[in-house]
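Residue numbers (our numbering): 438 to 715.
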């Protein structure tokens, strides 16, 4: 046999194994069995066999990853993986994956690697970025949804990217600020990069974020004084409407509109994060 680029000094493929001529040594059954076990063991740990098995495992893993990626790309639930793998096995493909739990881990890993590659390209292009956050509630837990908007040379339009969904330990401005900053750092956006390229911060208008003295926006301005703070336009409308009704008593019927705005805002979890101003 020929090892090609894998050839090393004093390493060769046994002719007996290539031609299926492996025979035991010894004069009795016990000795011959021991001889065969030794030869099988030596072959099992040989560099040639290990390399071939490694390539085989890699090929299987690649096929599994392609299968998972195909389901995700076509917006199919990962629970479909079991039926898909079963079909492939009937067609002669051998797979080691047959549960949606493993498929979920593969999907998460693939998504993470793809996002990190995109973030790396953004940093290499030194692109200007805008951070958008939404304070919401998931399964009765306070969470922070973080998005990034930027313009890169490879895309003709503005790119909007989902960064992360983070659970908040508390609803304080310090917790939100630290969670936001640590998440951006984990994605490769250093504080130095943010000082030069973070141009805007947009949010839903919750008082914890908007506070003039201790809000998240204030803390961001302290660290990145050049950024533009822009809160939700619906929240601006809500504030404007409240101020107008306070000044003009003859339009009290507009209180019904305020109630509708409050009801709409509560659906997104904002009311749980903000102190009600009405």
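Just so you know, even glycine gets a beta-carbon here, dropped at the ideal spot from N, CA and C.
C-alpha gap between residue 657 and residue 608, whole angstroms: 17 Å
In its own chain, which residues sit with a C-beta less than 7 Å from the C-beta of residue 541, not counting the 5 before and 5 after it? The beta carbon of residue 541 sits closer than 7 Å to those of 515, all from its chain and outside the five residues before and after it, given in chain order.
Is residue 639 near residue 570, with beta carbons less than 9 Å apart? yes
Inter-residue spacing [alpha-carbon to alpha-carbon] between residue 479 and residue 508: 42 Å
When DSSP labels each residue in this structure, what does residue 580 get in the three-state scheme? strand
If distances are taken between C-alpha atoms only, which option among 578, 585, 579, 544 comes closest to residue 560? Sorting 578, 585, 579, 544 by C-alpha distance to the C-alpha of residue 560 places 585 at the top.
Please work out which residues of its chain come closer than 8 Å, Cβ to Cβ, to residue 462, disregarding the five sequence neighbours upstream and downstream, and give them in chain order. 468, 469, 472
Exposure label - residue 634; buried when at least 16 CB within 10 Å: buried
Just how far apart, CA to CA, sit residue 501 and residue 666? 45 Å
Kindly indicate which three-state DSSP category residue 603 falls into: helix, strand or coil? strand
Express the C-alpha separation of residue 655 and residue 605 in angstroms, rounding to a whole number. 19 Å
Would residue 603 and residue 583 be called neighbours here (beta carbons separated by less than 9 Å)? yes
Which residues in the same chain as residue 551 place their Cβ atom closer than 7 Å to its Cβ, once the five residues preceding and following it in sequence are excluded? none
In chain order, what residues of the same chain lie with their CB nearer than 7 Å to the CB of residue 577, ignoring the 5 residues before and after it? none
Please say whether residue 476 and residue 459 have beta carbons closer to each other than 9 Å? Taking 9 Å as the Cβ cut-off, residue 459 and residue 476 qualify as a contacting pair.
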